[in-house]
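Reviewing the structure listed below.
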Amino acid sequence: MSTNQQLPTFESLPRANAWQLRTQRLEFGKRPLLMGIVNVTPDSFSDGGRFFAVDAAVNHAIQLINDGADLLDVGGESTRPYAEPVSVAEELRRVVPVITALRAMTEVPISIDTSKADVAAAALAAGAEVINDVTGLAGDPRMIDVAASYQAGVCAMHMQGTPQTMQDKPTYNDVVQEIHAYLAQRRDQLLTAGIAHERICL
Numbered sequence: 041m042s043t044n045q046q047l048p049t050f051e052s053l054p055r056a057n058a059w060q061l062r063t064q065r066l067e068f069g070k071r072p073l074l075m076g077i078v079n080v081t082p083d084s085f086s087d088g089g090r091f092f093a094v095d096a097a098v099n100h101a102i103q104l105i106n107d108g109a110d111l112l113d114v115g116g117e118s119t120r121p122y123a124e125p126v127s128v129a130e131e132l133r134r135v136v137p138v139i140t141a142l143r144a145m146t147e148v149p150i151s152i153d154t155s156k157a158d159v160a161a162a163a164l165a166a167g168a169e170v171i172n173d174v175t176g177l178a179g180d181p182r183m184i185d186v187a188a189s190y191q192a193g194v195c196a197m198h199m200q201g202t203p204q205t206m207q208d209k210p211t212y213n214d215v216v217q218e219i220h221a222y223l224a225q226r227r228d229q230l231l232t233a234g235i236a237h238e239r240i241c242l
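In our numbering, each number is its position in the sequence shown, counted from 1, plus 40.
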């Protein structure tokens with residue numbers, strides 16, 4: 041992308057003072073908000089295997105809440121460099137029992153860290169409030185429809201390639217401009233699909 045190319049802008053939307061989730065709302069401005077990470081995986085970059093069992097994951101999540109987490113992010117598939125993908129069935133087996141247990145124990149909002157629409161739908165049905173997708177909701181063609189149908193909060197991220205390829209000589213002409221343009225495009229697609237701007241986090 042040329043540095044002189046006109047970029048989509050974020051200024052066309054009002055600045056949010058809160059993030060509207062599926063049924064809850066997180067207010068901005070009073071203090072930084074903390075997301076507690078619950079990796080229900082054997083191979084995550086930082087803590088793979090430590091919280092793979094349901095009880096261990098739930099206990100870890102409760103400790104994160106006690107330590108000040110405002111939001112819990114539950115994931116069942118590692119996105120570390122060179123991580124191998126897991127099946128929908130395996131990812132569901134990992135995350136749904138954890139989300140179900142946590143929803144019965146706490147009102148702290150839960151996000152599902154997944155790029156699979158079927159996993160997102162099951163997690164939302166189990167009580168999750170947010171879809172947190174490293175592909176920007178672009179990895180599964182049905183993901184945006186799931187987010188819109190549940191009116192979930194969404195966290196759209198940027199990733200070049202896949203976990204298997206993202207460390208294979210990633211190249212940007214202008215990293216800030218290109219990520220800016222990508223996220224602005226994803227924002228517009230989410231808005232077009234009927235997801236309100238106050239539900240979108242980039």
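Just so you know, even glycine gets a beta-carbon here, dropped at the ideal spot from N, CA and C.
At 4 residues or longer, what runs of the alpha helix (DSSP H) sit wholly inside the segment 112–194? 128–145, 157–166, 183–190
Answer with buried or exposed for residue 215, where buried requires no fewer than 16 other C-beta atoms within 10 angstroms of its C-beta. exposed
Inspect the beta-carbon positions of residue 111 and residue 149 and report whether they are closer than 7 Å. yes
Three-state class that DSSP yields for residue 104 in the structure shown: helix
Are the beta-carbon atoms of residue 184 and residue 233 separated by less than 7 Å? yes
Check each candidate in 198, 143, 190 and name the one with the smallest Cα separation from residue 179. 198
Residue 239 vs residue 60 beta-carbon contact at 7 Å: yes
Which residues share a DSSP beta bridge with residue 66? 59
Residues near residue 65 in its chain [Cβ-Cβ closer than 8 Å; skip 5 each side]: 58, 59
Residues of its chain near residue 190, where Cβ-Cβ distance is below 7 Å and the 5 sequence neighbours each way are ignored: 62, 164
With DSSP as the reference, identify every bridge partner of residue 79, one or two as the case may be. 115
Determine the DSSP secondary structure at residue 96, reduced to helix, strand or coil. helix
Using C-beta distances below 7 Å, list every residue in its chain close to residue 108, excluding the 5 sequence neighbours before and after it, in chain order. 74
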